[in-house]
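**Q** Here the sequence shown is numbered in the working numbering, starting from -18 and rising by one per residue.
In this text, a Cβ means the ideal position worked out from N, Cα and C, and glycines have one as well.
Dropping the structure in here first, questions after.
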Amino acid sequence: MSLHPDLEAFLELVEFGRATGKSLPMHEQSVEQARAEFELSALLLDPAPPQDIAVTALHIPARDGARLSARLYRAPACKAQAPVMLYFHGGGYVVGSLDSHDVVCRRLAQATGHAVLAPAYRLAPEHRFPVALDDALDSACWLAANAASLGLDASRLVVAGDSAGATLATLLAHTAATQGPDAGFALAAQMLFYPVCDASVTYESSRAYAEGYLLEHQTMGWFYQHYLGEAGRRDDWRVSPLLADHGRPLAPAYVSVAQYDPLRDEGLAYAEFLKRGGTPVTLRLEEGLTHDFLRMSGVLNGGVEGLYQAAADWLRQQA
-18 MSLHPDLEAF LELVEFGRAT GKSLPMHEQS VEQARAEFEL SALLLDPAPP
32 QDIAVTALHI PARDGARLSA RLYRAPACKA QAPVMLYFHG GGYVVGSLDS
82 HDVVCRRLAQ ATGHAVLAPA YRLAPEHRFP VALDDALDSA CWLAANAASL
132 GLDASRLVVA GDSAGATLAT LLAHTAATQG PDAGFALAAQ MLFYPVCDAS
182 VTYESSRAYA EGYLLEHQTM GWFYQHYLGE AGRRDDWRVS PLLADHGRPL
232 APAYVSVAQY DPLRDEGLAY AEFLKRGGTP VTLRLEEGLT HDFLRMSGVL
282 NGGVEGLYQA AADWLRQQA
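Here it is as C-alpha cells:
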C-alpha cells in the first residue's frame, strides 16, 4: 500500500523545513534541542486529545532513592478494581516525556477502559543504560504492591509502550516469565507498538526507509550512542530483546508495526521470535503508516482511532 496521503503531505512539509534550513534531523541537534522539538511535536501531531479523562499525579520510588513522576489516567468508564496498563513512552531513551505521550495515554484509557499508569523513567545521556530498565522494573513492582490502594487490579496488569518504551515493556515480560514470583509482578499481556528489538540496525527496512519517514537510520545510531555510551554493548539482550533466550512463553503479545518504518522488519522478526518461544502473538502491519503513528490523530484526520480500537478489542480478550 502507498503511504497514507495525509502522512505524505505532512512528510513533504517536514522535508521542506529541512531544505530551507528551518529544521534539522534529530541526530544533528543537541539533546536539549531534540527534546524541546519532540515536546512541541505533540501539539502539532494531535492537538485535540480526549479531555474527559481523569489524571492523577503520582510519584514512584526508584531503587537509588530517586522519585519518578508518574500519571494515572482513568476514563469515565473505568470502574473500581479496574485492570491497569503500565505504559512506557517512546523516544529512543533520550527524548520523550509524560507530556509528549499524554495524548497516547488518554486515548488508550478511553479505548480500553483500563486505568493507564505512565512513569517518567529517566533519560540518557544523563542516565545511561540500564537506568531506564531499572526504573521500569521498579515501576512495575511499585504498581503491583500499591494497586489495591489505588483501586486497581494487579492480577490484570498489562505492560505496553511504543518504540523504546515497547522495548522496556517486553523486557518486563521476559523478567516476569523467567523470575516468576521473584519478579515482584505478574503480567496478563504485553502490547508493543513499533518496538525496538535489535540494535544491530541491519534489516532491509532500516535501509529502505533510512531517511524521509520521520524516524531515521542515523537517528537510531544517535539514540544508541547516548543510551549506551562508548562502552555499551548493543548485543546485550536487554538492549536487543531479539537476542534473549527463548526460555518459557511470555505474556500474550500484541505487536503493531508500521509499513514505512525503519524498525518494521525487526518488529516482524521479534513477533516470530516470540511465537517460536511459545508466546501467543497477534501481529498487525499498519499499512501506509510510519513510526510514531499513535501520536498522529491530527495528521491523519482522526485515522488512528481504528488502531486504538483494534488494540483495545484484542486486550479485552486477554485481561
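#1: Measure the alpha-carbon distance for Tyr261 versus Ser181 and round it to whole angstroms.
#2: Output needed for Arg88: all residues of its chain with C-beta closer than 6 Å, excluding positions within five of it in sequence on either side, in chain order.
#3: Nearest to Ala141 by alpha carbon, out of Pro106, Pro111, Ala170?
#4: Starting from the C-beta of Tyr184, find all residues in its chain whose C-beta is less than 6 Å away, skip the five residues before and the five after it, and write them out in chain order.
#5: Can you say whether Pro(-14) is buried or exposed, counting buried as having 16 or more other CB atoms within 10 angstroms of its CB?
#6: Confirm, please, whether the CB-CB distance from Leu133 to Arg219 is below 9 Å.
#7: Would you mind working out which of Ala157, Phe174, Thr200, Val236 sits nearest Arg276, comparing C-alpha positions?
#8: Between which residues of its own chain and Thr148 is the CB-CB distance below 6 Å, once the five residues before and five after are set aside?
#9: Excluding the 5 residues flanking Pro233 on each side, which residues of the same chain have their C-beta closer than 6 Å to its C-beta?
#10: Pick out whichever of Pro64, Ile34, His40 has its Cα sitting closest to the Cα of Tyr54.
#11: Using the Cα positions of Gly284 and Cys122, report the straight-line distance between them to the nearest angstrom.
#12: Alpha carbons only, please: which of Leu(-16), Ala23, Asp119 is nearest the one belonging to Cys86?
#13: Taking the runs of the alpha helix (DSSP H) that are 4 residues or longer, which of them lie wholly in the region 110 to 184?
#14: Can you look up Tyr205 in the DSSP assignment and give me helix, strand or coil?
#15: Quick one: give me the first and last residue of the alpha helix (DSSP H) that Gln14 is part of.
#16: Please list, in chain order, all residues of the same chain as Val97 whose beta carbon is under 7 Å from its beta carbon, the five residues on each side excluded.
#17: Identify, in the order they occur along the chain, each residue of the same chain with its Cβ nearer than 6 Å to the Cβ of Leu209, setting aside the five sequence neighbours on each side.
#18: Any chance you could list the alpha helix (DSSP H) runs of at least 4 consecutive residues sitting entirely within the region 57 to 97, in chain order?
#19: Is Ala292 closer than 9 Å to Met172 when the C-beta atoms are compared?
#20: Helix, strand or coil for Arg276, going by three-state DSSP, please let me know.
#21: If I measure Cβ to Cβ from Leu231 and keep anything under 6 Å in the same chain, skipping five residues before and after, which residues do I get?
#22: Using 8 Å as the threshold, is the region 17 to 31 in touch with the region 98 to 108, meaning 3 or more CB pairs across them?
#23: Looking at the structure shown, is Arg39 part of a helix, part of a strand, or coil, going by DSSP?
#24: Do the region 2 to 22 and the region 46 to 61 make contact, defined as three or more Cβ pairs closer than 8 Å?
#25: Rounding to the nearest angstrom, what Cα-Cα distance links Gly(-2) and Arg229 in this structure?
#26: Quick test of your reading: Leu223 and Asp216, contact by CB under 8 Å. State the CB separation rounded to the nearest angstrom.
**A** On the basis of the data shown:
#1: Strictly speaking, residue 261 in this sequence is Pro, with Tyr absent from that position. If I take the Cα positions, the gap works out to 26 Å.
#2: Tyr289
#3: Ala170
#4: Asp246, Glu247
#5: exposed
#6: no
#7: Phe174
#8: Cβ within range, chain order: Pro176, Val177.
#9: Ala170, Pro261, Gln299
#10: Ile34
#11: 35 Å
#12: Ranking the options by Cα distance to Cys86, first place goes to Ala23.
#13: 112 to 127, 145 to 160
#14: helix
#15: 12 to 26
#16: Tyr54, Met66, Tyr68, Cys86, Leu89, Ala90
#17: Phe110
#18: Taking 4 residues as the shortest admissible run, the region 57 to 97 contains the following complete alpha helix (DSSP H) segments, listed from N- to C-terminal end: 83 to 93.
#19: yes
#20: helix
#21: Ala154, Ala158, Thr260
#22: No, the region 17 to 31 does not touch the region 98 to 108.
#23: For the record, residue 39 in the displayed sequence is Leu; it is not Arg. In this structure, Leu39 counts as strand in the three-state DSSP scheme.
#24: By the criterion of at least three beta-carbon pairs nearer than 8 Å, the region 2 to 22 is not in contact with the region 46 to 61.
#25: 48 Å
#26: Not a contact, Cβ separation roughly 10 Å.
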